[in-house]
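> Dropping a structure here in structure tokens format, bear with me for questions.
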Amino acid sequence: PQPRPLAGKRMLITAGPTHEPIDPVRYIANRSSGKQGFAIAAAAHAAGADVTLISGPVELDDPLGVTVKHVESARDMLRQVEATLPVDIAIFAAAVADWRVASEGEQKLKKTAAGMPPLQLVENPDILATISHRKDGRPPLVIGFAAETEHLIENAKTKIARKGCDWIVANDVSPATGVMGGDRNTVHLLTRHGENIEVDSWPVMTKEEVAVELIAHVAKTVSP
Ligand code: C5P
Numbered sequence: 248p249q250p251r252p253l254a255g256k257r258m259l260i261t262a263g264p265t266h267e268p269i270d271p272v273r274y275i276a277n278r279s280s281g282k283q284g285f286a287i288a289a290a291a292h293a294a295g296a297d298v299t300l301i302s303g304p305v306e307l308d309d310p311l312g313v314t315v316k317h318v319e320s321a322r323d324m325l326r327q328v329e330a331t332l333p334v335d336i337a338i339f340a341a342a343v344a345d346w347r348v349a350s351e352g353e354q355k356l357k358k359t360a361a362g363m364p365p366l367q368l369v370e371n372p373d374i375l376a377t378i379s380h381r382k383d384g385r386p387p388l389v390i391g392f393a394a395e396t397e398h399l400i401e402n403a404k405t406k407i408a409r410k411g412c413d414w415i416v417a418n419d420v421s422p423a424t425g426v427m428g429g430d431r432n433t434v435h436l437l438t439r440h441g442e443n444i445e446v447d448s449w450p451v452m453t454k455e456e457v458a459v460e461l462i463a464h465v466a467k468t469v470s471p
């Protein structure tokens with residue numbers, strides 16, 4: 248039988264993009280495919296965890312054996328994340344939209360002689376930071392992602408501190424890497440030990456391999 252090092256552990260994973268409505272028929276989105284988050288959910292389930300996957304709109308089948316909650320916007324995602332607590336481990340792999348349209352149109356925006364409609368943006372809640380900074384019921388292990396196109400490690404170190412999470416999986420998403428939407432990923436795992444941040448750089452792997460490796464690290468940490 249397979250070893251199940253995460254048996255009895257509750258785990259929450261976010262994945263995919265979010266869609267931020269402009270009006271009833273239009274939205275703002277990004278190029279996240281959800282593949283990395285879905286692969287992590289599958290690997291966590293295989294390791295025996297009780298997994299809830301909270302996903303934005305993606306074109307992937309729900310992983311077997313995992314509870315999947317489908318959401319659209321960042322605010323929906325935060326609500327579902329909070330409703331899933333308490334968990335032992337939370338991994339935030341979603342590419343959450345940083346901004347949404349301030350006042351969603353109730354009707355489809357029309358072309359008018361007055362010209363282009365202005366789109367006023369407001370900031371979305373930062374789900375990872377919100378959960379990391381919770382006084383009550385903060386998951387003992389909170390893991391974020393940092394998708395960067397430059398100064399990868401430096402930006403990821405700043406992010407770990409600012410967001411208040413324990414680990415960050417940093418990946419280079421420059422268009423030349425093909426990571427966004429692709430099947431492979433080159434990542435660096437940053438782990439915070441008090442003031443110190445340790446950086447572990449992994450070779451290029453498939454997103455499934457990254458998921459299995461990450462879950463192996465999680466298992467070693469939570470049930471050594
Ligand atoms: O700040 P940035 O978007 O680069 O941070 C990435 C990390 O923060 C990811 O783990 C992502 O899932 C999480 N995040 C979030 N809510 C947001 C923005 C980012 O959970 N509104």
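So the sequence shown is residues 248 to 471, counted in full-length UniProt numbering.
Glycine included, every Cβ here is placed at the ideal spot set by N, Cα and C.
All of these numbers come straight from a predicted model, not from anything done at the bench.
When you compare only the Cα positions, how much space is there between Lys282 and Ala360?
Roughly 43 Å between the two C-alpha positions.
> Consult DSSP for Gly362 and reduce its assignment to one of helix, strand or coil.
Here Gly362 sits in strand by DSSP.
> Of all the options Ala330, Ile415, Arg431, which has the alpha carbon lying nearest to the alpha carbon of Ser280?
Looking at the Cα atoms, Arg431 is the closest of the given residues.
> Of the residues Thr331, Ala291, Gly303, His398, which one's Cα is nearest the Cα of Glu319?
Glu319 has its Cα closest to that of Gly303, out of Thr331, Ala291, Gly303, His398.
> Can you grab the Cα-Cα spacing for the pair Thr438 / Val369, in whole Å?
Cα to Cα, Thr438 sits roughly 31 Å from Val369.
> What residue ranges within the region 376-464 form continuous beta strand (DSSP E) runs of no fewer than 3 residues, ordered along the chain?
The region 376-464 contains these whole beta strand (DSSP E) runs: 388-395, 414-419, 434-440, 443-448.
> Just to confirm, are Glu267 and Ala321 a CB contact at a threshold of 8 Å?
A contact, by the Cβ cut-off of 8 Å.
> At a cut-off of 7 Å, is Phe339 close to the ligand C5P when judged by its beta-carbon and the heavy atoms of the ligand?
Yes; taking the cut-off as 7 Å, the Cβ of Phe339 has a heavy atom of the ligand C5P nearer than that.
> Under 7 Å Cβ to Cβ from Ala466, same chain only, skipping five residues before and after it: list those, please.
Taken in chain order, the residues that qualify are Pro252, Leu253, Ala294.
> Quick check: what's the CA-CA separation for Trp414 versus Ile407?
The alpha-carbon atoms of Trp414 and Ile407 are separated by roughly 7 Å.
> Compare the Cα-Cα distances from Thr314 to each of Val272, Lys355, Thr261, Arg273 and report the closest residue.
Checked all of Val272, Lys355, Thr261, Arg273; the closest Cα to Thr314 is Thr261.
> Is Leu436 near the ligand C5P, in the sense that its beta carbon is under 7 Å from a heavy atom of that ligand?
Every heavy atom of the ligand C5P is 7 Å or more from the Cβ of Leu436, so no.
> For Lys316, does the three-state DSSP call read helix, strand or coil?
It is a strand residue.
> Which parts of the region 326-371 are runs of the beta strand (DSSP E), unbroken and 3 residues or longer, counting only runs that do not cross its ends?
The qualifying runs are 336-339, 346-348, 368-370.
> Tell me Thr299's beta-bridge partners as DSSP assigns them.
Answer is Leu259, Thr314.
> Comparing C-alpha positions only, which one of Gln354, Gly391, Asn371 sits nearest to Cys412?
Closest option to Cys412, Cα to Cα, is Gly391.
> For Ala394, count neighbouring C-beta atoms within 10 Å of its own C-beta (all shown protein chains included) and say buried if the count is 16 or more, exposed if not.
It is buried - the Cβ of Ala394 has at least 16 other Cβ atoms within 10 Å.
> Measuring only the C-alpha atoms, how far is Leu399 from Pro471?
Taking the straight line joining both Cα atoms gives about 30 Å.
> Using the DSSP secondary-structure output, state which residues sit across from Pro268 in a beta bridge.
Tyr274.
> CB-CB under 7 Å to Val334, same chain, minus the five flanking residues each way: which ones, in chain order?
Once the five neighbours on either side are set aside, the close Cβ partners of Val334 are Arg257, Met258, Leu259, Pro386.
> Hey, would you say Asn277 sits closer than 8 Å to Ala349, going by beta carbons?
Cβ atoms of Asn277 and Ala349: not closer than 8 Å.
> Tell whether a beta-carbon distance below 8 Å holds between Leu375 and Lys410.
Result yes, Cβ atoms of Leu375 and Lys410 sit closer than 8 Å.
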